[in-house]
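Structure, as structure tokens:
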Amino acid sequence: MKKYVFLFSILLFSCTDEEVYTEIPEETTNTPTVPTDTNVNGVDMSDYFSINFENLPNYSNPDYPIHYINSVGDTNEPANNQATDEGAILGRILFFDKQLSVNNAVSCASCHQQGIAFTDNNQFSTGFDGVSITSAHSMRLLNARFYEGESFFWDKRAPNLEAQTTEPIINSIEMGFDESNGGLNALITKMNSIVYYPALFEMVFGDETITEERIQLALAQYIRCMVSTDSRFDEAFAQVYNPNAPGNGVGQDFPGFSVEENLGKQIFTTNEGGINCAGCHQLPSFSLAANSRSNGLDAGETIIFKSPSLKNIATSAQFMHDGRLTSLEEVVEFYNSGIQLGPALDNRLMQNGQPRRMNLSQAEKDALVAFLRTLTDETVVNDTKFSDPFLE
Numbered sequence: 001m002k003k004y005v006f007l008f009s010i011l012l013f014s015c016t017d018e019e020v021y022t023e024i025p026e027e028t029t030n031t032p033t034v035p036t037d038t039n040v041n042g043v044d045m046s047d048y049f050s051i052n053f054e055n056l057p058n059y060s061n062p063d064y065p066i067h068y069i070n071s072v073g074d075t076n077e078p079a080n081n082q083a084t085d086e087g088a089i090l091g092r093i094l095f096f097d098k099q100l101s102v103n104n105a106v107s108c109a110s111c112h113q114q115g116i117a118f119t120d121n122n123q124f125s126t127g128f129d130g131v132s133i134t135s136a137h138s139m140r141l142l143n144a145r146f147y148e149g150e151s152f153f154w155d156k157r158a159p160n161l162e163a164q165t166t167e168p169i170i171n172s173i174e175m176g177f178d179e180s181n182g183g184l185n186a187l188i189t190k191m192n193s194i195v196y197y198p199a200l201f202e203m204v205f206g207d208e209t210i211t212e213e214r215i216q217l218a219l220a221q222y223i224r225c226m227v228s229t230d231s232r233f234d235e236a237f238a239q240v241y242n243p244n245a246p247g248n249g250v251g252q253d254f255p256g257f258s259v260e261e262n263l264g265k266q267i268f269t270t271n272e273g274g275i276n277c278a279g280c281h282q283l284p285s286f287s288l289a290a291n292s293r294s295n296g297l298d299a300g301e302t303i304i305f306k307s308p309s310l311k312n313i314a315t316s317a318q319f320m321h322d323g324r325l326t327s328l329e330e331v332v333e334f335y336n337s338g339i340q341l342g343p344a345l346d347n348r349l350m351q352n353g354q355p356r357r358m359n360l361s362q363a364e365k366d367a368l369v370a371f372l373r374t375l376t377d378e379t380v381v382n383d384t385k386f387s388d389p390f391l392e
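Next comes the structure, spelled out in structure tokens:
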């Protein structure tokens, strides 16, 4: 694990239960090329993309607010995949390209839509054939870089973001390049025949060779760049931030918050007059703590599911790994009164050997929902550097 840096890497969130590849090797190849406005290694990219390749968006050195810079701690970005503007732009193109599916029908972005924090409003997502559906809800992608546990998928079966990214592509339901359709070799052959990919891979890696590892590296760079820092919570926290105060000042009433929203913040962030949801959902990224265990969604649960960051949770239509809950009110009521006992239940959700009952009043539950709505960041879901780069 490395300390926080202003660089990014690669991930893609899938919904089914295929095996994953393990740790990727470090890429050290030739010197990447420098593109002109529209020409990259002899290919006129203006025929395909609305991107100025001579003035790429800033992915590699973002300007984070003070309460992020000094508070987020570690990231899961590996030393061999720190983001470059070129690498992240390649990842963005891969993320939105439907040609990475076996029949050119879906892309990563089909199930992870920018406008709703890179998730899907359907409980389960529809695969490349237009009929089959996934077995889990599409996970929000914001702030994925801040999950310190490193492993990914809801059930944490992938060892890192990089290993996860190509799993949807080779999945028999999602994008269709499974063994029956030739697997990654068939995809790479297809990509070599698409005029812009050899040129783009040379731009990033120094030569035209397309490999699974390089696809993983680029996708992860792009997705780790999806950082939310501009919600109402962030704006208010930045105003009261004090590195010498307990919790960096988060316990103060936030300017611009209603009485109800400040009450919800207290309930979320403290044990004194609250239930300390922040013990697992760590501020300010609201990413899950690495040591979090089961949330007791089902009795006897043995699988320890992870969760995405809670940023933009209010824009979701489905919640939990299987999308069984359909409102924030249902989510809050589950944690208030519905936690089930099981061998993997997190100790923070237990009391005297039994599932903890929060016993929140209706006003307190309403306040908690109101606070969760302050985590919505309209900037990141409208930022063009995360949008579809293809010309219509």
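Residues 1 to 392 in the UniProt record's numbering are what the sequence shown spells out, letter by letter. Virtual Cβ for every residue (Gly too), placed ideally from N, Cα, C. All figures in this text were calculated on a predicted structure; none of them were measured in a lab.
Exposure of residue i, with buried meaning 16 or more beta-carbon neighbours within 10 Å
i: threonine 189; result: exposed
i: threonine 28; result: Annotation note: pLDDT 46 at threonine 28 (below 50); position unreliable, coordinate value reported separately. So threonine 28 counts as exposed.
i: leucine 391; result: exposed
i: threonine 384; result: exposed
i: valine 40; result: buried
i: proline 255; result: exposed
i: isoleucine 24; result: At isoleucine 24 the pLDDT is 43, less than 50, meaning the model places this residue with poor confidence; the figure from the coordinates comes in the next sentence. The residue is buried, with at least 16 neighbouring Cβ atoms inside 10 Å.
i: glutamine 164; result: buried
i: glutamate 329; result: exposed
i: arginine 92; result: buried
i: serine 135; result: exposed
i: alanine 88; result: buried
i: glutamate 162; result: buried
i: serine 71; result: buried
i: residue 395; result: Not covered by the structure: residue 395. The range shown for the chain is 1 to 392.
i: isoleucine 51; result: buried
i: glutamate 26; result: Residue placement at glutamate 26 is flagged as unreliable, the pLDDT there being 49, under the threshold of 50; the coordinate-derived value follows with that caveat. Per the 10 Å Cβ criterion, exposed.
i: threonine 326; result: exposed
i: residue 407; result: Outside the displayed range of the chain (1 to 392) lies residue 407, so it cannot be described from this structure.
i: asparagine 262; result: buried
i: proline 198; result: buried
i: asparagine 103; result: exposed
i: glutamine 354; result: exposed
i: asparagine 244; result: exposed
Residue i and residue j closer than 7 angstroms at C-beta
i: leucine 345; j: glycine 296; result: yes
i: glutamine 340; j: alanine 278; result: no
i: tyrosine 68; j: threonine 229; result: yes
i: valine 332; j: glycine 115; result: no
i: serine 107; j: serine 125; result: no
i: glutamate 378; j: alanine 290; result: no
i: glycine 323; j: glutamine 123; result: yes
i: glutamate 174; j: glycine 130; result: no
i: tyrosine 241; j: glycine 249; result: yes
i: serine 292; j: glutamate 301; result: no
i: isoleucine 267; j: glutamate 364; result: yes
i: isoleucine 303; j: aspartate 155; result: yes
i: glycine 176; j: serine 258; result: no
i: serine 218; j: leucine 94; result: The amino acid occupying residue 218 in the given sequence is alanine; serine does not appear at that position. Against a cut-off of 7 angstroms, the Cβ pair of leucine 94 and alanine 218 comes out as a contact.
i: tyrosine 349; j: arginine 356; result: Just to set this straight, residue 349 is leucine in the shown sequence, not tyrosine. The answer is yes: Cβ separation under 7 angstroms.
Residues that DSSP places opposite residue i in a beta bridge
i: asparagine 70; result: The partner list for asparagine 70 (beta bridge, DSSP) is empty, contrary to what the question assumes.
i: serine 294; result: Leu345
i: isoleucine 133; result: Thr126
i: leucine 325; result: Phe319
i: valine 43; result: Val40
i: serine 287; result: Gln282
i: alanine 158; result: Phe152
i: threonine 84; result: In the DSSP output, where bridge partners are listed per residue, threonine 84 has none listed.
i: threonine 119; result: Gln113
i: glutamine 354; result: Gln351
i: threonine 379; result: Paired residue(s): none; threonine 379 is not in a bridge.
i: phenylalanine 49; result: Phe390
Selected residue, minimal CA-CA separation from residue i, among the options
i: alanine 117; options: Gln99, Asn181, Ile89, Ser231; result: Ser231
i: phenylalanine 371; options: Ser138, Phe286, Val380, Arg348; result: Phe286
i: alanine 109; options: Ser361, Ala79, Phe96; result: Phe96
i: threonine 38; options: Arg348, Arg293, Met203; result: Met203
i: serine 151; options: Ala236, Phe201, Pro78, Thr374; result: Pro78
i: alanine 158; options: Arg324, Phe386, Gln99, Gln216; result: Gln216
i: asparagine 80; options: Leu283, Arg373, Phe205, Phe237; result: Phe205
i: glutamine 99; options: Arg356, Asn160, Val195; result: Val195
i: glutamine 362; options: Arg224, Asn192, Glu260, Gly176; result: Glu260
i: serine 172; options: Arg214, Ile304, Ala245, Ser132; result: Ser132
i: glutamate 54; options: Asp85, Ile66, Asp47, Pro65; result: Asp85
i: lysine 265; options: Lys156, Met320, Leu375; result: Leu375
i: residue 457; options: Pro65, Phe49, Met45; result: This structure cannot settle anything about residue 457, because the visible part of the chain is limited to 1 through 392.
i: phenylalanine 49; options: Asn192, Thr119, Leu200, Cys111; result: Leu200
i: glutamine 351; options: Ile313, Ile275, Met320; result: Ile275
i: threonine 315; options: Leu90, Asn121, Met45; result: Asn121
i: proline 284; options: Asn271, Gly251, Ser258, Glu272; result: Gly251
i: proline 57; options: Ala238, Cys225, Asp253, Asn104; result: Cys225
i: proline 389; options: Tyr222, Met320, Glu212; result: Tyr222
i: leucine 360; options: Gly273, His281, Gln282; result: Gly273
Does the contact criterion of 3 or more C-beta pairs under 8 angstroms hold for the stretch 296-315 versus the stretch 137-145? yes
Using 8 angstroms as the Cβ pair cut-off and three pairs as the minimum, do the stretch 56-66 and the stretch 162-171 touch? no
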